[in-house]
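In the UniProt record's numbering, the protein residues as written are 1 to 286. Ideal Cβ placement from N, Cα and C applies to all residues, glycine included. Encoded as structure tokens, the structure appears first; notes follow it.
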Amino acid sequence: MDATTLNSQAERFLAELHRSPQTVRAYRADLRHLTDWLRETGHGLEREALEVYFTVHPHWASATRSRKQTTLERFCRWALQHHLLDRDPTLHLEHPRLPPPHPRGLRREDIERIFAVIPPEQTRDALLFRLVFETGLRIGEALGVHVEDLDLTRGDEHLTVLGKGSRKRTVLLDDPRLVSALRRYLRTLGYTHGPLFQATKNGRGGPLRYQSVQERWQGYAGRADMACTLHQLRHSHATELVNGGVSLATIRKRLGHQHIQTTLRYAEVSDSTADAELRRWRRQRH
């Protein structure tokens, strides 16, 4: 396929693309850039030409190249289906490795806004979500907590969780409000062994399912007019610890990370926190 054919067929492809207007605009810009380059260099839409195309643009960030390559791959698949190409020239292009996204935590006041809309009678929901937020548990770990995993000895409150890879760890329950809520909740249960959080559908107890918990959280977040996923509760806890000056080694143990590299993703502290740390260091030198 030459540049002229690519230019005319690109609009057909975009017209059939069921994507947002922003995505269509980005795809159009990517295809036009390639079309102009092919026309200037005299290349056709072939594998060797695409390899050169990406090689002569080394300044592109990995995310930019990945997006452009995705655009071309989807166009070429469409062109194959419409018998405009004999083979896919993008088939053996190597995708750039993208760094994992930086975990995005919310401020405590934003999380509390969501907690505030949970009805008072939904004590199980309120406790479950606060437990995840105040301890950084994975939601699967929280749903797997049994009553017997809790030790609420005054002054040494903690729980034992089974994390990834069937690794057990002890998590300190250091928030007084959480501990008080746990004690009140335990007094309402009619059992002393079994899952801490049970489903009550049809009046029968059973383990809560992740999907139902996810739906309930999204309902509360929507009611509070907040965009927050359930997993962001864990991110928010980790971010709060980092900004509070807690060491990465302690945060790693708290969150149950096997590798410190995972914990390092949270190490993007706020400007105010960094400034305060530098001021403390400077005062100690003088």
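Rounded C-alpha distance that separates Leu34 from Tyr53: The straight-line gap from Cα to Cα measures roughly 8 Å.
Check this for me: beta carbons of Cys228 and Ala221, under 8 Å apart or not? Ala221 sits close to Cys228, with the two beta carbons spaced by under 8 Å.
Using DSSP with H/G/I as helix, E/B as strand and the rest coil, what is Asp151? Looking at Asp151 - three-state DSSP - the assignment turns out to be strand.
According to the neighbour-count rule (16 or more other Cβ atoms, all chains shown, within 10 Å of its Cβ), is Asp151 buried or exposed? Asp151 sits exposed, since fewer than 16 C-beta atoms from the chains shown fall within 10 Å of its C-beta.
To the nearest angstrom, how far is the alpha carbon of Arg209 from that of His59? One C-alpha to the other measures close to 46 Å.
Rounded to whole angstroms, what's the CA-CA distance from Val242 to Leu106? Just pull it up for me. Distance between the alpha carbons of Val242 and Leu106: 13 Å.
Can you list, in chain order, the residues of its chain with a C-beta nearer than 8 Å to that of Gly163? Leave out the 5 residues immediately preceding and following it. Cβ neighbours of Gly163 beyond the five flanking positions: Arg138, Glu141, Arg169, Gly256.
Measure the C-alpha to C-alpha separation of Phe75 and Glu40 and round it to an integer number of angstroms. Distance between Phe75 and Glu40, taken at the CA atoms: about 21 Å.
Please list the terminal residues of the continuous alpha helix (DSSP H) segment that includes Lys164. Element bounds for Lys164: n/a, residue is neither H nor E.
Measure the alpha-carbon distance for Arg28 versus Ala199 and round it to whole angstroms. Taking the straight line from one Cα to the other gives about 49 Å.
What residues match up with Arg169 in a beta bridge as DSSP calls it? DSSP lists Val161 as the bridge partner or partners of Arg169.
Buried or exposed for Arg252, please, with buried defined as at least 16 other CB atoms from any protein chain shown within 10 angstroms of its CB. Arg252 should be labelled buried.
Trp78 lies in the alpha helix (DSSP H); which residues open and close that run? Trp78 -> alpha helix (DSSP H) spans 62-81.
Distance check for Leu128 and Val161, CA to CA, integer angstroms please. It is roughly 14 Å from the alpha-carbon of Val161 to the alpha-carbon of Leu128.
For Pro207, which residues does DSSP report across the bridge? In the DSSP assignment, Pro207 is bridged to Gln198.
Can you give the Cα-Cα distance for Leu196 and Arg265, rounded to whole angstroms? Straight-line Cα distance between these residues: approximately 31 Å.
Hey, quick one: how far does the alpha helix (DSSP H) through Glu94 stretch, first residue to last? Unbroken run through Glu94: none, as it is neither H nor E.
Using the DSSP secondary-structure output, state which residues sit across from His18 in a beta bridge. Partner(s): none; His18 has no beta bridge.
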